[in-house]
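Each residue of the sequence shown is one higher than the last, beginning at 43 in the numbering used here.
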Amino acid sequence: KAEAKTQRLIRELGERMQEWAKQLIDGIDDPAERAKWTAKAEQWDANWNSLFEQLELVEAKITDGFATANDKLDLLIERSTPAPNDQPEFPSLTGICNFRSHISDERYYTPRNSLMTNLEKAINKKRKAAITQTVTVHGLGGVGKSQLALQYAIEHEADFDIRHWIRAEQQETLLRDLADLAPWFGIVREDSQQEDLAAIVGQVLHELSQRDRWLLIYDNAEDHELIRRYTPGGDRGQVLITSRNPHWDQWYETCAVDVMSTAEAKRLLRDRTKQKDNAASERIAERVGCLPLALEIAAAYCVQCQMPLAAYDRLLDQHGLKLLDRHRPEDYHAILSKTWEPSFEQARQKSQLAVQVLALAAFLAPDNIPRFLFERDGT
């Protein structure tokens, strides 16, 4: 509209200028003077006519541009609107799941073939009741339950259209993560903190119960009543639960996860650090009880500090971590504490601020801590 108005004003101005020039020339008596102004008027006419032609070209380009934009918009709407009987196409693991930031990079995943076999057998085991295939992966903290569940989701990518990771340690995080699936089913959410998450989750669970080819992973669950309340009904899809609590067999199939074998632990250390010191790898593995989390801490420290495995083994002596009986689960907290000490000491030497940030973070939830809590003026 603004462009059309501008063009109209320019045309009116041009026409009036031409009319004024004609009236001016008609009022001149001196032939020489009249000839001079006639030549100028002809030049003005030519200039205005040229301007009018340019305006017409601009107008045509604008019109074509709007037509093209409208065509593209119509095509976009057509492509993004599913047919009445179509279901939306769900993205892959990295599309709708946000759990890779919580789990170690799978490039460093150490295969635990016997565990994966046990998990697959438990999932495929036929139960008498027609319920969703559900398996609880249980074990002590740090033995690799979450990593096993992640690896299952990766290896069975072709079996699922929907794969979703749910932080199940608290009801609030569980509901929020389940509600994140709402848009994929066309469920409208309110842009408000007052929205009824439980009602939205109820709709999500209903939609899932009507579909096949989905996998939900409830990570770090402890309350079996909470999980049973917020899992889809019916006998479609699969559910994996990771938990420290071993008492789930009353409701679901279970798969126990223990510490690594010495061979697996040595492989983790060697692969992660790119070092071939077999003796040092074995000694460190035994000292930390072949606990995967402790092994990962040790490997990360060696990589960060460019430290040989043998030197890290001696460092554990300085921090009082002697050779431990890997079958004593009560030692695991001590193992993690002692394995963590060198990393904490390194942070202290590099930056006292880092120590303060860690101390503050200790009072917050273990995952997804917002960066803005520690930022000021964008730094």
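Beta carbons are placed, not taken as given, at the ideal position from N, Cα and C, and that holds for glycine.
Tell whether a beta-carbon distance below 8 Å holds between VAL330 and VAL185.
no
If you follow the alpha helix (DSSP H) that ARG329 is in, where does it begin and where does it stop?
320–329
Is the CB-CB distance between VAL281 and THR159 below 8 Å?
no
Using 8 Å as the Cβ pair cut-off and three pairs as the minimum, do the stretch 313–320 and the stretch 330–349 touch?
yes
Would you list the one or two residues that DSSP bridges to TYR343?
DSSP output for TYR343 lists no bridge partner at all.
Pick from THR178, PHE386, GLN360 that is closest to ALA263, judged by C-alpha positions:
THR178
Leaving out five residues before and five after ALA164 in sequence, what residues of the same chain have Cβ atoms less than 8 Å from its Cβ?
VAL177, GLU295, THR296, CYS297
Using only the alpha-carbon positions, how far apart do THR215 and ALA322 sit?
41 Å
According to DSSP, is LEU282 part of a helix, a strand, or is it coil?
strand
For LEU310 versus THR174, is the C-beta spacing smaller than 8 Å?
no
With 16 other Cβ atoms within 10 Å as the buried cut-off, status of GLU249:
buried
In chain order, what residues of the same chain lie with their CB nearer than 7 Å to the CB of LEU239, ignoring the 5 residues before and after it?
LEU217, ARG218, ALA221
Assuming the contact rule is C-beta atoms closer than 8 Å, SER251 and GLY276 should be a hit. Round their C-beta distance to whole Å, please.
4 Å
Please classify GLN398: is it buried, with 16 or more other beta-carbons within 10 angstroms of its beta-carbon, or exposed?
exposed
Compare the C-alpha of ASN410 against each of GLU84, ARG209, ALA195, PRO274 and name the closest.
ARG209
Would you call LEU223 buried or exposed, if buried means 16 or more other Cβ atoms sit within 10 Å of its Cβ?
buried
Residue environment, ASP355, which counts as buried when at least 16 other CB atoms sit within 10 Å:
buried
Would the beta-carbon of ASP203 fall within 8 Å of that of TRP256?
yes
Beta-carbon gap between GLN213 and LEU258 smaller than 8 Å:
no
Rounded straight-line distance, which links the Cα of ARG205 to that of ILE339:
28 Å
Could you work out which residue in SER285, ARG270, ARG271 is closest to CYS261 when comparing CA atoms only?
The sequence given here places Asp at residue 261; Cys does not occur at that position. When each option's Cα is compared against that of ASP261, the closest is SER285.
Among VAL299, ASP254, VAL230, which residue has its Cα nearest to the Cα of GLN189?
VAL299
Give me whichever residues DSSP pairs with GLN175 in a beta bridge.
GLN280
Have a look at LEU468 and GLU417 and give me their C-alpha separation to the nearest angstrom.
With the chain represented from 43 up to 421, any question about residue 468 goes unanswered, as that position is not in the structure.
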